[in-house]
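Here is the structure we will look at, set down as structure tokens.
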């Protein structure tokens with residue numbers, strides 16, 4: 005489990021409490037080998053069990069020591085942090101700030117540096133709200149995260165590692181299989197990285213849009229959409245059946261390219277080529293081609309019900 | 041902690057010691073940090089977006105969610121933007137303020153307000169786009185397209201300025217340094233006036249920024265009558281073909297030289 009940045013001290017205190025509890029079973033901190041204690045809880049019947057308990061205890065000791073050291077450092081930081089040093093962090097007030105005692109200067113410098121560090125972190129965080137964020141994992145590896153967004157909501161994110169040697173290559177990733185990753189890598193990865201990143205993002209967002217449009221449509225129009233909708237993995241080919249009274253309209257929606265959020269072709273078929281279908285087809289096509297799936301179904305539902 | 045660049049600059053100046061140690065500041069925090077921090081540098085280069093401020097204020101806390109007002113401002117290729125959104129975030133049990141899930145963001149944008157640089161704010165396409173973005177609360181789409189749009193805008197400015205500098209006696213930027221048109225004509229007896237028009241239009245569904253570069257000619261009737269070969273009429277097409285073959289800059293060089301000989 006990872007603590008939130010703000011809750012680091014709390015997290016350490018929790019761990020500290022747990023560790024203290026543990027050491028009371030295994031003897032005190034001064035004794036690094038941690039003999040099994042007489043305290044409650046631990047059963048020490050077999051030799052084997054005692055040894056593994058010793059190992060665990062030793063590990064815990066080191067962990068505790070490290071964490072206590074960290075806690076000390078953090079406490080220090082907190083007490084010499086910007087709030088303590090500058091008082092309320094208000095832009096107006098800070099802009100009029102003057103150094104009163106020379107001896108204070110290094111401490112003030114540190115506090116100002118901390119403010120800058122926090123600001124840099126916030127700026128990095130901003131990118132994830134804009135859809136793309138990146139972290140340099142090592143000399144030779146950068147991890148990219150693409151966010152997706154539809155209908156006012158942030159949706160799932162996808163990641164890829166870009167391996168940096170004399171060329172760029174994609175390493176591990178969580179990108180869906182239908183995404184033309186190889187094509188895009190071949191076309192842009194080593195010539196225009198920016199274009200590559202945006203292209204992947206575009207594909208992902210278009211996919212999420214198509215998927216969510218269908219989900220919305222299914223919820224709102226379960227009676228109009230009879231039966232199951234067949235969808236390709238990338239939701240770029242949809243086969244659905246519209247039902248109004250006695251008529252069924254088998255419709256296939258194709259989204260060329262992966263980047264489209266409206267279908268590029270709409271084919272309407274019927275079992276028995278009746279005139280109703282012939283008349284309705286252009287209207288159905290028009291609706292699907294020009295509107296989002298839920299909106300198109302609203303139109304179609306109105307049209308089909310009216311013509312009865 | 042909504043500390044602005046100006047505040048940080050003041051603090052820096054106030055706090056650097058007498059010995060200086062070269063620390064007296066050569067620019068705002070934003071300018072520096074994007075050069076000094078490798079991750080930020082990478083992010084800004086690869087997205088075309090440079091954030092200068094990111095602040096979050098809690099509006100209200102409910103049982104399972106927190107509603108915050110988030111402000112993101114900065115520039116993209118020197119065009120400024122200011123985005124304000126009301127975001128409703130789900131609280132995770134272990135980390136009260138963090139809503140990261142698998143490295144990504146979660147949450148619903150209930151309201152979105154976007155404003156951009158004055159120099160482009162009145163452009164009709166861009167206005168329509170921003171209206172749509174605010175209606176749909178399409179934050180990601182805004183950044184995606186604005187980055188592309190500003191790149192074109194900035195490129196156009198650079199190119200036009202370059203030709204204005206190089207051929208200052210014959211080239212005029214009639215719509216200003218950031219405008220859509222570059223005009224040129226002969227210095228003496230300018231019978232015809234050539235205008236290169238570089239529009240950046242935004243088309244919807246899917247949203248794209250598309251450059252459209254054309255050459256037009258304004259000529260007096262006399263000149264048109266003298267133009268037996270119909271050169272004036274075809275130069276638009278000629279220019280279009282030249283761009284394809286020579287690339288934009290070489291084509292503009294060629295046409296300016298030819299027309300102003």
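Chains as they are written, first to last, in our numbering: chain A, 5 to 312; chain B, 41 to 301.
Every residue gets a Cβ at the ideal spot worked out from N, C-alpha and C, and that includes glycine.
| Item | Value |
| --- | --- |
| Endpoints, the alpha helix (DSSP H) within which residue 130/B is located | Per DSSP, residue 130/B belongs to no alpha helix (DSSP H); it is in the beta strand (DSSP E), 119 to 130. |
| Span separating the alpha-carbon of residue 87/B from that of residue 201/A | 8 Å |
| Chain A within 8 Å of residue 251/B, Cβ atoms only | no |
| Residue interval of the alpha helix (DSSP H) (run including residue 185/A) | 185 to 188 |
| Members of the segment 210 to 240 of chain B near chain A, C-beta cut-off 7 Å | none |
| Stretch-stretch touch, CB-based, cutoff 8 Å, three pairs: the segment 109 to 117 of chain B with the segment 149 to 165 of chain A | no |
| Where residue 170/A sits in the DSSP three-state scheme | coil |
| Bridge-paired residues (DSSP) for residue 147/B | 158/A |
| Closest residue to residue 298/B among 219/B, 207/B, 185/B (Cα-Cα distance) | 207/B |
| Contact the segment 97 to 115 of chain A vs the segment 58 to 74 of chain A: 3+ CB pairs below 8 Å | no |
| Those runs of the alpha helix (DSSP H) which lie wholly inside the segment 65 to 106 of chain B and span at least 4 residues | 69 to 76, 78 to 87 |
| Residue 282/B burial status per 10 Å Cβ neighbour count (16 or more: buried) | buried |
| Alpha helix (DSSP H) segment containing residue 247/A, residue limits | Not the alpha helix (DSSP H): residue 247/A falls in the beta strand (DSSP E), residues 241 to 248. |
| Buried/exposed call for residue 80/A, threshold 16 Cβ in 10 Å | exposed |
| Candidates 161/A, 78/A, 205/A, of which the one nearest residue 184/A by Cα | 205/A |
| Straight-line Cα distance separating residue 215/A from residue 5/A | Reliability fails at residue 5/A, whose pLDDT of 49 lies under 50, so the model's placement of it is uncertain and the value that follows must be treated cautiously. Going by the C-alpha atoms only, they are around 32 Å apart. |
| Any 3 or more C-beta pairs closer than 8 Å across the segment 189 to 199 of chain A and the segment 83 to 100 of chain B | yes |
| Per DSSP, cross-strand counterpart(s) of residue 212/B | 223/B |
| Neighbouring residues, chain A, relative to residue 267/B (Cβ below 7 Å) | Those do not exist, as residue 267/B stays about 42 Å from chain A at its closest Cβ, beyond 7 Å. |
| Residues within the segment 251 to 266 of chain A neighbouring chain B, beta-carbon criterion of under 9 Å | 263, 264, 265, 266 |
| Delimiting residues of the beta strand (DSSP E) encompassing residue 193/B | Where residue 193/B is concerned, there is no enclosing beta strand (DSSP E), although the alpha helix (DSSP H) it sits in stretches over 179 to 206. |
| Distance CB(residue 180/A)-CB(residue 133/A) smaller than 8 Å | no |
| Nonlocal neighbours in the same chain, by C-beta distance under 8 Å from residue 262/B, ignoring five residues either side | 231 |
| Limits of the beta strand (DSSP E) - the one that residue 257/B falls within | 248 to 259 |
| Chain-order list of residues whose beta-carbon lies under 6 Å from that of residue 171/A (same chain, five-residue window excluded) | 194 |
| Minimum Cβ-Cβ distance from residue 91/B to chain A less than 8 Å | yes |
| Boundaries of the beta strand (DSSP E) in which residue 231/A is found, first to last residue | 229 to 235 |
| Below-8 Å beta-carbon distance, residue 44/A vs any chain B residue | Annotation note: pLDDT 40 at residue 44/A (below 50); position unreliable, coordinate value reported separately. It does not: the Cβ of residue 44/A has no partner Cβ on chain B nearer than 8 Å. |
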